[in-house]
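>
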Amino acid sequence: MAYRAVLLVIGLIALLGPLASGEDVWFSDDPPSDYFERKNLRDCPNRFYPDLDPFNIPYYGYGGRRVFRGEYQHMVAIGWTRTNTSIDYLCGGTLITARHILTAAHCTYDSENIPPDTVRIGDTDLGSVLDDEFAQQIEIQGITVHPKYRGSRKYFDVALIELAQRSKFTEAVCPACLWREGELPEERMQAVGFGVTGFGEARSPTLQLVKLDRVAPSVCAERIFLNRRQMPDGFRNDQFCASGDGMDTCEGDSGGPIGVKRLDVGGKVIHLVTGVVSFGTPCVPGSTGVYTRISDYIDWIEQETNRTLSYGVCTKGFLCPGRATGGTTVYYDDSTLKHRFGLLWSEADTSIYECGATLIDYQFLLTSAHCVTTAKGPPKYAAPDHSKRVAIAEIYVSPRYQPGSPENDIALVKLEKFINTRIFRPVCLWDRRIDGVWSEVPKFAAYGPVLDDLDPVTLTNSTISVYATNGRECSASDAARSDLVCFNNNVKMMPDACSIDYGGAVTNKTELLEPVFMFGVASKLSQGCGSNLIVTDVTPHIKWIEAIVVARRNQMLNPMISVTGYGYGGVRALRGEFQHMVALGWTRSSDKIDYLCGGSLITAVFIITAAHCSVDHENIPPDTVRIGDTDLSSPEDDELAQQIAILRITVHPQYRGSRKYFDIALIELSQPAKFSAAVCAACLWHEEELPVERMDAVGFGVTGFGEALSPTLQRVQLDRIGVTICSERLGINRRQMPEGLRDDQFCAAGNNMDTCEGDSGGPIGVKRLDVGGDIISIIVGIVSFGTPCTAGSMGVYTRVAAYIDWLERETNESLSYGACTKGIFCPGRLKNQTSVMYGRGFYRSRYGLVWDKEEPSEFECGATLIDYQFLLTSAHCVTARRDYPKYVNLDSDLGTERVAITDVYVAPRYKPGSPENDIALVKIKKFINADYFRPACLWDRRILGEWPAAPKIQAYGPMARNIDRLLLANGTIIIHASNGRDCRITNDPGSDLICYNNNVNMMPGVCSIDYGASVVNGSEWMMPVYSFGVVSALTKDCGSNLIMTDITPHIDWIEAIIVGRRDKVHIFSD
């Protein structure tokens, strides 16, 4: 990191110097000296990134591509030192421990029967000294050939090399793991080496990668002549064949690895070696290689190295700082809350992960029925950890469970003793009939090996969480009343790194000081941590559970027994859920405070409420507010509450007490509220249309007709009601509502839920995600009035969007989405996982198209620099207006620059209004300085293969630009297309459109798609930027499906203009 930081500082100094002197370092009127030497766009990495790590630049040999440093840290070049001190690297190998290398037995001697004496690790270019600082040259101490290997045969072609000293694990050097499974991986495998790049060619000085598919033995036998003297048994089970489309391993690759990449828990990319390069046909199109299958030699390798090479030891025992990471949903759980127990069948059992169970009460655990009905009989003990045991008193199996069936797989376990709630925290059951749909991403319980803290050599199982981030896209059952819910999940996991904790909980979260809600139990249909995640929903079973746990009726009861809810239609709201909620109080003569209305904190000093809450029935105004308290009758959370006096109240000037209109007011506090985990301002909904999802209303109002005010904060979920239906239910009083329901009002109701007396002035709204995952509460309306709180009741709300101008004028503050989310710092805001993140690359390749020199916005359409004078954008961006854009704009840390556009080229296959072939080129008047601007390279899938990384779609949104959080400006946002291609937009196989599933419930106004900008692999310092395509106009917003125009079908046309200078295709020009 220090090396990179120095380079960055040197680069900035070099640029700031000329800027200070007034010299234009960005652009030039003259082309670079080698400008006309460019023959195609494939030289982009070498041309524009020559000062970067040379090992990050592709090399295009026969069937292979250049390997980047850190991609294959285990690759070893095996060398023979000659008399003139030169070294011939004739074979490859795989680092499998700090001192052991796996290779082919036939690589233990050269043509003169001389053994190798040295190895080179961490070097991806043997012909250059540029990356030597990362390489390690180590002498060979000993070589062990498999005892059954014979040079005259093609069998048992495996050997081990022991080094004279330990290799040092770095970002360039790290051991690989060994594939231990009987079956080969289902995906394509990768092989790397320094071998020849074609028949009759010389060895490659740079490390090459080829992608290969397994070939069936019968097909392989037809391709490879079987010499019966060398292979009397034909192909053995410890060998396999592989080949690729115009790719293969060749001479010089012998002994090197073939394998796959899988993800460990937490997202670390782990290399698994499935085979060793043995022999094959000559390297011509259609060639095939034969490999020694490593899984057949695990015992011999472990015996010779004198250590276990299990998956757990390999991934946890080797600390490699440079291991790459990939997108994953599987993480170690660092929760401090204890509610998971393991079921044991004897007190001496050591494994607590055969089946999980979750504490839901002082004595009761919830688990799966199949866990307690095995052939071993019922479990006898429950264990919270490896040292403690509690005897099980009784077990209850769901009366609807049928052995062998995955449905109704629910059971209760009763302990002989009561738990201590200061140590253990039972989870709460999420009842979707009352609480609504699951409010957060479900988290599945799992487990896997980690290093023991006390004994770093020992592995022990630890809890893992698997997040169901992709939404419900799979079907678990065809039964209409099934209690199974399925979540799509596809992560290429390491074998044995993670196992589902069957019977364990599926929860919302496990954060400190936050309640844990349980959505269900992990079903046995969940095959693994990387496959679809299936849960047995707890909601259909809650009545049966309560009948046993609460009513203590210890028998198999009918599951249709009715259960009472949490008061009339409401659910207890917990601290941190609604940090903006305010209770308005009237201090009486006895110093008692009556909290009669609600309100919402919208800045540190302002609260919005209903105008009719500005006085009580005696015309006395409120004088105090309480914020951050969810139980007004208990001192339990008083340490987090704030009591603040009211300074003044401003009622809307058009409000009249005799009417039901303009029912909105502002309360100004005598001092600012302090934002914390319990207190934070909400945002205001600015849109004309109400949100599509259900809305939450909260308050301390009565819990039913004739009931008292609730001391605890209650939440109800409500749906919008149409004006016609609302008017019929209300029975409009023409004296109070002469205009009927106005546009600045709306109605809402729920299933046996509603706001009631005492909720007046409180908020109704939704929760949306901000960029980065902050959960933001947005107020849509204010509780105004309604029908009596009985079944079928309904409320009327003042629509906040209609009063934004008045609120901003009275508060003298901007209440925009940007100001609310970026101008207010709330340390206690909850977060959720999201694919939408702020991002900023070190290389400046994104420009904004501008139609007028005085135009301030650079984000109407984006364009990406791909050459000294050319930018790539969308055709619709340059043809949508009456005229084409006149300038490109770049805004950076060093200033703003605008350059005139001279020519615009539109793809000849583009048809206005059509989303396909939406590609255009923009030529600017001046030449860029490639030392400062770094053009993006175009990823040609015909040559480079499929994209090696998840595409990143560019967007933009407001962010704080300086220490003063009030100053906002648009900044770059990156949307990670991590969910795979799960959406279809056309049935045309020749379409250049590619769609990625994306479903993020974003708040409005914080993220906009940067149409015309590039879809890239990344933009990290010291790495070339590759453009996969252009953001399509079909991408509606940052939270919906992400659609791009693939660049590959258009590269020939682009090269014809940029490189061939053939200016003949659909041109607008001065």
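So in my numbering, spot 965 of the sequence shown is number 1771, and the numbers just go up one at a time.
No residue lacks a Cβ here, since even glycine has one placed at the ideal position from N, Cα and C.
Do residue 1761 and residue 1814 have their C-beta atoms within less than 8 angstroms of each other?
The residue you call residue 1761 lines up with position 955 of the sequence shown. The residue you call residue 1814 lines up with position 1008 of the sequence shown. In contact: residue 1761 and residue 1814 (Cβ atoms closer than 8 angstroms).
> Ends of the beta strand (DSSP E) at residue 1176?
Locating residue 1176 in the sequence shown gives position 370, counting from the first residue. No beta strand (DSSP E) contains residue 1176, which is instead part of the alpha helix (DSSP H) from 1175-1178.
> Please report how far the alpha carbon of residue 1729 lies from the alpha carbon of residue 1575, in whole angstroms.
The count along the sequence shown starts at 1 and reaches residue 1729 at position 923. The count along the sequence shown starts at 1 and reaches residue 1575 at position 769. Using only the alpha carbons, I get a separation of about 38 angstroms.
> Can residue 1569 and residue 1386 be called in contact, C-beta distance under 8 angstroms?
One-based indexing of the sequence shown puts residue 1569 at position 763. One-based indexing of the sequence shown puts residue 1386 at position 580. Contact flag set, yes.
> Between which two residues does the alpha helix (DSSP H) holding residue 1683 run?
Along the sequence shown, read from residue 1 onward, the residue named residue 1683 stands at position 877. Note, residue 1683: alpha helix (DSSP H), 1681-1685.
> Take the Cβ of residue 1192 as the centre, count every other Cβ of all protein chains shown within 10 Å, and call the residue buried at 16 or more, exposed below.
The sequence position of residue 1192 within the sequence shown is 386, counting from 1. By the neighbour-count definition (other C-beta atoms within 10 Å, threshold 16), residue 1192 is an exposed residue.
> Checking 8 angstroms against the spacing of the C-beta atoms, do residue 982 and residue 1063 come in under that value?
Locating residue 982 in the sequence shown gives position 176, counting from the first residue. Locating residue 1063 in the sequence shown gives position 257, counting from the first residue. It is a contact, given that the beta carbons lie within the stated cut-off.
> Taking one C-beta from the region 1673-1693 and one from the region 1720-1728 each time, how about it: are there three or more such pairs within less than 8 angstroms?
Here the region 1673-1693 makes contact with the region 1720-1728; the two share three or more CB pairs at distances below 8 angstroms.
> Can you confirm whether the region 1488-1501 touches the region 1622-1639 when touching is taken to mean that 3 or more C-beta pairs between the two stretches lie within less than 8 angstroms?
Judged by Cβ distances under 8 angstroms, the region 1622-1639 makes contact with the region 1488-1501, as three or more pairs qualify.
> Since residue 1117 is in the alpha helix (DSSP H), which residue starts that stretch and which ends it?
The residue labelled residue 1117 in the question sits at position 311 within the sequence shown. From DSSP, the alpha helix (DSSP H) with residue 1117 extends over 1117-1123.
> Drop a sphere of 10 angstroms on the beta-carbon of residue 1169, count the other beta-carbons inside from all chains shown, and report buried for 16 or more, exposed for fewer.
Here residue 1169 is taken as the residue at index 363 of the sequence shown, counted from 1. Counting Cβ neighbours within 10 Å, residue 1169 comes out buried, since at least 16 surround it.
> Please identify the residue among 1081, 1380 and 1093 whose C-alpha is closest to the C-alpha of residue 1442.
Position 636 of the sequence shown, counted from the start, is the residue given in the question as residue 1442. Measuring from the Cα of residue 1442, the nearest candidate turns out to be 1380.
> For residue 965 versus residue 1059, is the C-beta spacing smaller than 8 angstroms?
One-based indexing of the sequence shown puts residue 965 at position 159. One-based indexing of the sequence shown puts residue 1059 at position 253. Not a contact, by the Cβ cut-off of 8 angstroms.
> Work out the CA separation of residue 1659 and residue 1689 for me, nearest whole Å.
To locate residue 1689, count along the sequence shown from 1; it is residue 883. To locate residue 1659, count along the sequence shown from 1; it is residue 853. Cα to Cα, residue 1689 sits roughly 14 angstroms from residue 1659.
> For residue 1864, count neighbouring C-beta atoms within 10 Å of its own C-beta (all shown protein chains included) and say buried if the count is 16 or more, exposed if not.
Mapped onto the sequence shown, residue 1864 falls at position 1058. Classification for residue 1864: buried.
> Within the continuous beta strand (DSSP E) that includes residue 1858, where are the two ends?
Walking along the sequence shown from the start, residue 1858 turns up at place 1052. From DSSP, residue 1858 is part of no beta strand (DSSP E) but of the alpha helix (DSSP H) over 1857-1864.
> Alpha carbons only, please: which of 976, 1601, 1484 and 1524 is nearest the one belonging to residue 877?
For the purposes of this step, residue 877 is taken as the residue at position 71 of the sequence shown. It is 976 whose Cα lies nearest to the Cα of residue 877.
> Where are the beta strand (DSSP E) runs, 3 residues long or more, that stay fully inside the region 1304-1344, in chain order?
1311-1313, 1323-1328 and 1339-1343
> For residue 1255, name the three-state secondary structure that DSSP assigns.
What you label residue 1255 is simply residue 449 of the sequence shown in a count that begins at 1. Strand, per DSSP.
> Measuring only the C-alpha atoms, how far is residue 1200 from residue 1241?
By one-based count along the sequence shown, residue 1200 stands at place 394. By one-based count along the sequence shown, residue 1241 stands at place 435. Note on geometry: alpha-carbon atoms of residue 1200 and residue 1241 lie some 30 angstroms from one another.
> Is the beta carbon of residue 1779 sitting closer than 8 angstroms to the one on residue 1850?
Locating residue 1779 in the sequence shown gives position 973, where the first residue counts as 1. Locating residue 1850 in the sequence shown gives position 1044, where the first residue counts as 1. For residue 1779 and residue 1850, no; Cβs fall outside 8 angstroms.
> Looking at the unbroken alpha helix (DSSP H) that takes in residue 1138, where does it start and where does it end?
Residue numbering aside, residue 1138 sits at position 332 when the sequence shown is read from its first letter. Following the DSSP letters along the chain, one finds residue 1138 in no alpha helix (DSSP H) but inside the beta strand (DSSP E) bounded by residues 1136-1138.
> Does residue 1346 come out as helix, strand or coil in the three-state DSSP assignment?
By 1-based counting over the sequence shown, the position of residue 1346 is 540. Three-state result, residue 1346: helix.
> Can you give me the Cβ contacts of residue 930 inside the same chain, cut-off strictly under 7 angstroms, excluding the 5 residues immediately before and after it?
By 1-based counting over the sequence shown, the position of residue 930 is 124. Once the five neighbours on either side are set aside, the close Cβ partners of residue 930 are 861, 873, 875, 937, 1012 and 1013.
> Using only the alpha-carbon positions, how far apart do residue 1862 and residue 853 sit?
Reading the sequence shown from its first residue, position 1056 is the one you call residue 1862. Reading the sequence shown from its first residue, position 47 is the one you call residue 853. So the alpha carbons of these two residues sit roughly 18 angstroms apart.
> When the Cβ atoms of the region 1422-1429 are set against those of the region 1451-1467, are three or more pairs found closer than 8 angstroms?
yes
> Specify whether the region 1326-1339 and the region 1303-1312 touch according to this definition: at least 3 beta carbon pairs, one from each stretch, less than 8 angstroms apart.
The answer is yes - the region 1303-1312 touches the region 1326-1339, with three or more Cβ pairs under 8 angstroms.
> Which complete beta strand (DSSP E) runs does the region 1589-1642 hold, if anything under 3 residues is left out?
1601-1605
> Residue 842 by DSSP, collapsed to three states: which one?
The residue labelled residue 842 in the question sits at position 36 within the sequence shown. Three-state DSSP puts residue 842 in a helix.
> Quick one: measure Cβ to Cβ for residue 1160 and residue 1066, integer angstroms, because I've assumed they're closer than 8 angstroms.
Residue numbering aside, residue 1160 sits at position 354 when the sequence shown is read from its first letter. Residue numbering aside, residue 1066 sits at position 260 when the sequence shown is read from its first letter. Actually they are not in contact, since the Cβ atoms of residue 1160 and residue 1066 sit about 29 angstroms apart, beyond 8 angstroms.
> What residues are listed by DSSP as bridge partners for residue 1267?
Within the sequence shown, residue 1267 is the residue found at index 461, counting from 1. Bridge partners of residue 1267: 1255.
> Helix, strand or coil for residue 1046? Go by DSSP, reduced to three states.
Within the sequence shown, the letter at position 240 stands for residue 1046. In this structure, residue 1046 counts as strand in the three-state DSSP scheme.
> Taking the alpha carbon of residue 797 as the point to measure from, which residue in 1415, 1331 and 1757 has its own alpha carbon closest?
The question about residue 797 has no answer here: the residues shown for the chain are numbered 807 through 1876.
> Confirm, please, whether the CB-CB distance from residue 1434 to residue 1485 is below 8 angstroms.
As a first step, residue 1485 must be located in the sequence shown, where it is residue number 679. As a first step, residue 1434 must be located in the sequence shown, where it is residue number 628. A distance below 8 angstroms separates the beta carbons of residue 1485 and residue 1434.
> Can you give, in chain order, each stretch of the alpha helix (DSSP H) that sits fully within the region 1169-1255 and has at least 4 residues?
1175-1178 and 1238-1241
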